[in-house]
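*Asks:*
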Amino acid sequence: MKPFDIVIVGGGGAGLYAAMEAMKTNPALNIAVLSKVYPNRSHTSAAQGGANAALANKAKDDTVELHIFDTIKGSDYLADQDAVDILCSEAPKIIRELDNIGTPWSRLEDNTIAQRPFGGAGRPRCCYCADKTGHTILQTLYEQCLKKGVFFFNEYFALQLSLHDSRMKGLIAMNMKTGKIEAFPARTVLFATGGYAKMYWNRSSNAAGNTGDGQAIAYRAGIPLKDMEFVQFHPTGLRKSGLLVTEGARGEGGYLINALGERFMSRYAPEKMELGPRDLVSRSIETEILQGRGFDSPAGKYVHLDLTHLGADLIKSRLPQIREMSMYFEGVDPIDEPIPVRPTAHYSMGGIDTDNYGRTVMDGVYAAGECACVSVHGANRLGGNSLLDILVFGRIAGHTAAEEAGKFEPSPITADEIAATEARLRSYMQPSGHFERYGILREELGQTLGQNVGIYREASKIRKGVADLRELQERFTHVRVNDTSDVFNTNLMQVLELKNMLDLAETVAAGALAREESRGSHTRTDFPQRDDEKWHKHTIATIEGDRVKLGEKPVTMGRYELQERTY
Ligand SMILES: Cc1cc2nc3c(=O)[nH]c(=O)nc-3n(C[C@H](O)[C@H](O)[C@H](O)COP(=O)(O)OP(=O)(O)OC[C@H]3O[C@@H](n4cnc5c(N)ncnc54)[C@H](O)[C@@H]3O)c2cc1C
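The sequence shown begins at 0 in numbering that gives the first Met the number 0 and counts up one residue at a time.
#1: Since ASN499 is in the alpha helix (DSSP H), which residue starts that stretch and which ends it?
#2: Using a Cβ-Cβ cutoff of less than 6 Å, which residues in the same chain neighbour CYS144 once the five nearest sequence positions on both sides are dropped?
#3: What is the rounded straight-line gap between the Cα of MET348 and the Cα of ALA55?
#4: Give me the DSSP bridge partner(s) of VAL478.
#5: Along the chain, where does the alpha helix (DSSP H) containing ASP352 start, and where does it finish?
#6: Could you give the C-beta distance for ASP130 and GLN47, rounded to a whole number, given that I count them as a contact under 8 Å?
#7: Compute the Euclidean distance between the alpha carbons of ILE334 and HIS345, then round it to the nearest angstrom.
#8: Check GLN290 in the structure and name its three-state DSSP category.
#9: Between the alpha carbons of GLN114 and LEU274, how many angstroms are there, rounded?
#10: Please classify ASN257: does DSSP put it in a helix, a strand, or coil?
#11: Please name the residue or residues paired with ASN153 in a DSSP beta bridge.
#12: Please check the pair PHE117 and ASN201, which I expect to be a contact at CB under 8 Å, by giving their CB distance rounded to whole angstroms.
#13: Let me know the secondary structure DSSP gives GLY169 once reduced to three states.
#14: With distances taken between CB atoms, is the gap from ARG166 to ILE5 smaller than 9 Å?
#15: If you pair each beta-carbon of the region 143-160 with each one of the region 177-192, do three or more pairs fall below 8 Å?
#16: Just the C-alpha distance for HIS134 and GLY453, rounded to the nearest angstrom, thanks.
#17: Would a C-beta distance cut-off of 9 Å place TYR365 and ALA400 closer than the cut-off?
#18: Report yes if the C-beta of THR541 is less than 8 Å from at least one heavy atom of ligand 1; otherwise report no.
#19: Quick check: GLY11 and GLY211, are their CB atoms within less than 9 Å of each other?
#20: Going by the DSSP bridge assignment, what does LEU243 pair with across the sheet?
#21: Should the region 302-317 be called in touch with the region 287-294, which here means at least 3 C-beta pairs below 8 Å?
#22: Between the C-alpha atoms of ASP61 and ARG122, what's the straight-line distance to the nearest angstrom?
#23: Does the distance from the CB of CYS125 to the CB of ILE136 come in under 9 Å?
#24: Should GLY310 be listed as close to ligand 1, given that the test is whether its C-beta is under 8 Å from any heavy atom?
#25: Taking only runs that begin and end inside the region 30-114, name each unbroken alpha helix (DSSP H) of 4 or more residues, in chain order.
#26: So the candidates are GLU329, PHE229, GLN290; which of them puts its Cα closest to the Cα of ALA298?
#27: So, helix, strand or coil for TYR356, using DSSP?
#28: Put PRO26 into one of helix, strand or coil per three-state DSSP.
#29: Pick from GLU563, THR541, TYR37, LEU549: whose alpha carbon is nearest that of ILE216?
#30: List the endpoints of the continuous beta strand (DSSP E) containing TYR346.
#31: Do you know how far the Cα of GLU443 is from the Cα of ARG546?
#32: Taking the DSSP output, what are the residues bridged to LEU189?
#33: In whole angstroms, give me the CA-to-CA distance for GLU551 and LEU224.
#34: Give me the Cβ distance between THR43 and ILE100, rounded to the nearest whole Å; I'm assuming they're in contact under 8 Å.
#35: If the criterion is Cβ atoms closer than 9 Å, does the pair ILE67 and ILE94 meet it?
#36: So, for THR522: in the same chain, excluding its five sequence neighbours on each side, which residues have a beta-carbon less than 8 Å away from its beta-carbon?
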C-alpha cells in the first residue's frame with residue numbers, strides 16, 4: 000500500500016475532527032481513518048448531555064475565565080492550567096464552527112444556541128442537541144470528512160505500531176471482514192481510540208469497544224501513559240445495565256432521593272446539591288447505599304433519580320432518549336415514576352501522555368480525545384468537558400500532524416513483520432494443554448476492578464487487585480480462540496481487547512496503589528485527605544519487561560493556586 004501522510008486510528012469525534020482539520024490544513028495530504036466500528040457508531044454517538052462553552056447565551060455573565068476556573072477546581076487542581084486555557088478559550092469558536100457546518104444545536108427563544116446547567120459548573124454553559132448531542136456532532140463531522148476526501152477503512156482492527164529501531168513506520172491492522180493482516184505505512188499515526196472504562200465490565204456506561212486499544216498499543220510501543228488511576232464513575236447509571244442517564248437530567252432539575260425519601264445531596268453539597276461534580280455525587284450515592292439508606296432489589300442496590308416534577312412536556316422534548324431507555328431497560332416511565340440509578344464506570348481521565356499539540360514522546364505519533372491525557376480533566380472531569388476536549392484537541396492534533404507529516408520519511412513495512420503478526424494471532428487458535436476461556440477471564444477482570452479498584456479504594460484491596468491482575472495475565476497466556484474462521488472473528492477480537500484491558504488495568508491499579516491520597520475520582524479510605532505536598536503531580540506509567548514502571552511529572556500551574564475544594 001502507498002504510504003499515508005496521516006493514519007488516524009479511531010472514527011469518533013476526536014478522530015473525525017482531526018481528519019477534517021488535517022484536510023483543511025493541507026488538502027493535498029493522503030489521510031486514512033481506521034475504525035473497528037462504523038465511524039458513526041463510535042461511542043461519541045452515545046453522548047447525551049452536551050458540550051461546554053462560555054457563550055453566555057443563557058447566563059449573560061458567563062465568561063471563559065469562569066469556565067477555566069470551574070474546570071481547574073473540578074480537576075482537583077491536577078489539570079495542567081495552560082491546557083485548560085486552550086480548552087476553554089477555543090470552546091465558543093468550536094461550537095459556532097459546528098453550528099456553521101450543520102450541527103442542529105437546540106435553541107433558546109431568542110434563537111441563540113441553548114445551554115443547560117451541568118455538574119460543577121458555575122453557570123449554565125452546556126450546549127446541547129436535546130439528549131442526542133454526540134450523535135449529531137458525529138454525523139456532522141462524518142459528512143465533512145466524506146466531502147473532503149478522507150479515506151475510510153471501516154471495520155479494521157488496529158493491532159500494533161510498526162517500529163524500526165524505535166522509529167515509527169506505520170500501523171499494522173486486521174481487516175475484520177477477511178481476517179487479513181494489512182500494513183499501513185505512514186509518516187504519522189494519530190491515536191483517537193476513546194476510553195478504557197469498559198474494563199469495569201459489570202457496571203459501565205461505555206460501549207463494548209471502549210477497551211483502550213490505542214493506549215495499550217502505545218504503551219507496549221514504549222509511549223508513556225499519564226494519570227491512569229483516575230477513572231470517573233458517573234453518578235447515574237441505570238440500576239440493571241449501568242447504561243447512562245445523562246447529567247442533563249439533573250441539569251433540567253432532577254432530584255436524587257434515598258429510601259427515606261430524603262434529597263440526600265443536602266448532606267454532601269449543600270450549595271450545588273445534585274449538580275455537584277461527579278466524583279462527589281457518586282461517592283454520596285455509594286455512601287447512602289453503604290450506610291443502609293438505599294433501596295434494595297434482586298437487581299442490586301440503588302437510589303432514585305426523580306424527574307416526575309419536571310412534567311411530561313419537558314421530559315419528552317429535552318430528555319426523550321432518557322425516557323426511552325428507562326422504559327426499555329428498567330420498565331419505568333420517568334414521567335410517572337423515579338428512575339432506579341447507581342454509579343457506573345464512565346470515563347478515563349488518564350491516557351496517552353501528550354503535549355498541548357497532541358504530540359507524544361515518539362516522533363510522528365500523536366493522540367487526541369479520550370485516549371489521550373493532555374491533561375485538561377486532572378483527577379475529575381466535568382460533565383460536558385469531554386465532547387469539548389475531543390473537538391478542541393482533535394482539531395489541534397490533526398493540525399499538528401498535517402503540519403509535521405512532511406518531516407518524517409515513510410519506510411515500508413516488511414512482509415516478515417506481517418507474517419510475524421499473523422503467527423502471533425494464529426497462536427491463539429492452536430490447542431494447548433491447559434485451556435482458559437475468554438469469558439471467564441473477562442468477567443473476573445471486571446469483578447476484581449469493581450471490588451478492589453472502584454470508587455472507594457484502600458491499600459489491602461488494591462494489592463488484592465494487583466495480585467488478581469497478575470494471575471489473570473498468567474492465565475491469559477493459555478486463552479484459546481474457539482472460532483478459527485477468518486470472517487468477522489469476534490472471538491479473536493475480544494481476546495485481543497482483553498489483552499489490551501489487562502495491560503491497562505495493571506497501570507490503573509499500580510497508580511491507585513502508589514497514590515497515597517484522595518483526589519478527585521481517586522478516593523483512598525486509608526488516605527482520605529488530598530496531599531499536595533507529596534502528590535500534587537501526574538503519575539507516568541511505562542512498560543519495563545512486562546511490568547508497569549511508575550514515574551511522575553509536575554503539574555503545570557497558572558493563575559490559580561491550590562485551594563480546598565468545596566461545593
Ligand atoms: C454514554 C455516554 C455519554 C456521554 N455523554 C457525554 C456528554 O454529554 N458530554 C461530554 O462532554 N461527554 C460525554 N461523554 C464522554 C464522551 O462522549 C467521550 O469521552 C468522547 O465521545 C470520546 O470520543 P473519542 O473520539 O475520543 O472516542 P470514541 O467516540 O470512543 O471513538 C473511538 C474510536 O476508536 C475506534 N477504535 C478503538 N479501538 C480501535 C482499534 N483497535 N482499531 C480500530 N479502531 C479502533 C472506534 O471504532 C471508534 O471509532 C459520554 C460518554 C458516554 C459513554
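All C-beta atoms, glycine included, are put in the ideal place defined by N, C-alpha and C.
Treat the numbers as computed from the prediction; the structure is a model and nothing was measured.
*Replies:* Well, looking at it:
#1: 489-513
#2: LEU15, ALA18, MET19
#3: 27 Å
#4: GLU435
#5: Element bounds for ASP352: not the alpha helix (DSSP H) but the beta strand (DSSP E), 350-352.
#6: 4 Å
#7: 26 Å
#8: coil
#9: 15 Å
#10: coil
#11: SER34
#12: The Cβ separation is near 27 Å, so there is no contact.
#13: strand
#14: no
#15: yes
#16: 29 Å
#17: yes
#18: no
#19: no
#20: GLY236
#21: yes
#22: 6 Å
#23: no
#24: no
#25: 63-73, 80-99
#26: GLU329
#27: coil
#28: coil
#29: THR541
#30: 338-347
#31: 20 Å
#32: ILE7, TYR365
#33: 10 Å
#34: Going by Cβ atoms, the distance from THR43 to ILE100 rounds to 16 Å, so no, they are not a contact pair.
#35: no
#36: ASP278, ARG282, ILE454, TYR455, ARG456
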